[in-house]
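Residue numbers for the sequence shown follow full-length UniProt numbering, so the first one is 1 and each next one is one higher.
Cβ atoms here follow ideal geometry from the backbone N, Cα and C, with glycine treated the same way.
All of these numbers come straight from a predicted model, not from anything done at the bench.
Worksheet: the structure to be examined is printed underneath.
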Amino acid sequence: METIDIWRGKPAKDADGNTIQEPLVKIGSLQALVAPITTPETPTETSPGVAHAYTLYVRSQQPTGVTATDLIGVRGERLPVDGDPAVWVDRQGRHVGDVITVKRRE
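So this is what it looks like as structure tokens:
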């Protein structure tokens, strides 16, 4: 198990009334199993095609509250959540935890 940190910016309004994100603040930490993901990325003129990605397995009695707009601090990097976290349930339908994928492309 590794400690992961959840970072979130609160929504706010700018002078023109547009929704913006305030600076990120750490809202909590969780224990998770961290599994690296290997994904082939096609190199482009602006990217060497490198992806840093992990699947995070968080055991918890209740949903973690992680959202698709959060950043997760894992192994020294802050990576964006890739899609909505999945709910992990057992065969009886009881909540076991959440499965979160984080990914950053370079």
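Tell me where the beta strand (DSSP E) around T19 begins and ends.
Locating residue 19 in the sequence shown gives position 19, where the first residue counts as 1. That run of the beta strand (DSSP E) goes 19-21.
What number of angstroms, rounded off, separates the C-alpha of R94 from the C-alpha of K10?
Against the sequence shown, residue 94 aligns to sequence position 94. Against the sequence shown, residue 10 aligns to sequence position 10. Between R94 and K10, the C-alpha separation is close to 31 Å.
T3 in three-state terms, based on DSSP
In the sequence shown, residue 3 corresponds to position 3, counting from 1. DSSP places T3 in strand when its eight states are reduced to three.
Any C-beta of chain C sitting closer than 8 Å to the C-beta of R78?
The structure shown contains no chain C, having only a single protein chain.
With 16 other CB atoms within 10 Å as the buried threshold, where does A15 fall?
Translated into the one-based positions of the sequence shown, residue 15 becomes position 15. A15 comes out exposed.
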